[in-house]
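First up is the structure itself, then whatever we jot down about it.
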Amino acid sequence: MMAHKHFSIKAADGESYFVIGDIITFKVTGDETNGAYFAVEVVSQPGGGPWFLHTHEPQETFYVLDGVFEIYGQDEHGAKYAIRAMVGDVVQVPANVPHGFKNVGDGVGRMLRLYEPAEPMRRFFQEVGIPMPDRTTTPDKMPEPETLLPILKKYMTLVESP
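Counting from 1 along the sequence shown, just add 97 to a position and that's the residue number in the numbering used here.
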């Protein structure tokens, strides 16, 4: 069994990407956790979040740091649900359960998201995202859904596709 090392990540540190309208910053990767989990900080503008319901292999935990989000989806019986999550709230979505999220607040929202296990979500964000070395300059425009669709389908199942 490999021993874990203690480490810390400063607020301004982490590889950042512009992903479908949100800024995703890697905080803890599978490299630091022996693949156990992957943690990202998400900065989302009002109305931000994926425009599609999807599933993926890792379970996903949402921890709201700022703002108000709606985590929505379908349960195992196909019934739709929506959970309003505010600062300090945690929402857990099991692996392979259809879900999505949206910033429903009036201002910029932030959350910490955890994926267990760590992969393949890091590869997904690296492939679909636009690198943001300074974490502030967003691209002039987002890639078209037709460009994103093959990448999305590579890493997840789209329940309601773009």
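Heads up, the beta-carbon is just placed ideally off N, CA and C, and yes, glycines get one too. Because the structure is a prediction, the values reported are computed rather than measured.
Residues that residue i bridges to, as DSSP identifies them
i, result
"Glu167", "Arg181, Lys199"
"Pro228", "Tyr114"
"Gln142", "Per DSSP, none; premise fails for Gln142."
"Met208", "Val139, Val161"
"Thr152", "Thr254"
"Ile248", "DSSP output for Ile248 lists no bridge partner at all."
"Asp119", "Val116"
"Glu213", "Gln156"
Per-residue burial, residue i [other beta carbons within 10 Å of its own, 16 or more giving buried]
i, result
"Ser105", "exposed"
"Asn200", "buried"
"Val187", "exposed"
"Ala215", "buried"
"Pro147", "buried"
"Glu157", "buried"
"Pro236", "exposed"
Residue range of the beta strand (DSSP E) that includes residue i
i, result
"Gln189", "187-190"
Within-8 Å CB hit, residue i to chain D
i, result
"Pro195", "The chain inventory of the structure shown lacks chain D, comprising one protein chain alone."
Nearest to residue i (by Cα), restricted to the options the options
i, options, result
"Gly183", "Gln189, Val194, Leu162", "Looking at the sequence provided, one finds Met at residue 183 rather than Gly. Of the candidates Gln189, Val194, Leu162, the one whose C-alpha sits nearest the C-alpha of Met183 is Leu162."
"Lys177", "Leu150, Arg220, Thr235", "Leu150"
"Arg181", "Asp119, Asp172, Phe159, Asn193", "Phe159"
"Thr126", "Glu167, Glu138, Ile117", "Glu138"
"Ala133", "Glu167, Ala108, Pro247, Met218", "Met218"
"Asp128", "Arg220, Glu243, Leu246", "Arg220"
"Pro247", "Met229, Thr122, Val225, Phe123", "Val225"
"Phe222", "Ala109, Gly145, Phe115", "Phe115"
"Gly202", "Val165, Lys251, Glu112", "Val165"
Run of the alpha helix (DSSP H) containing residue i, from where it starts to where it stops
i, result
"Glu263", "With the chain represented from 98 up to 259, any question about residue 263 goes unanswered, as that position is not in the structure."
Straight-line gap, residue i to residue j (C-alpha atoms, nearest Å)
i, j, result
"Ile117", "Lys102", "33 Å"
"Ala108", "Pro230", "14 Å"
"Pro143", "His174", "30 Å"
"Tyr169", "Val194", "10 Å"
"Pro197", "Glu241", "According to the sequence displayed, residue 197 carries Gly and not Pro. Distance between the alpha carbons of Gly197 and Glu241: 19 Å."
"Met208", "Gly185", "9 Å"
"Pro228", "Gln171", "32 Å"
"Thr233", "Asp110", "13 Å"
Heavy atom of the ligand COA within 7 Å of residue i beta-carbon
i, result
"Leu246", "Among the components of this structure there are no ligands whatsoever, and the ligand COA is therefore not found."
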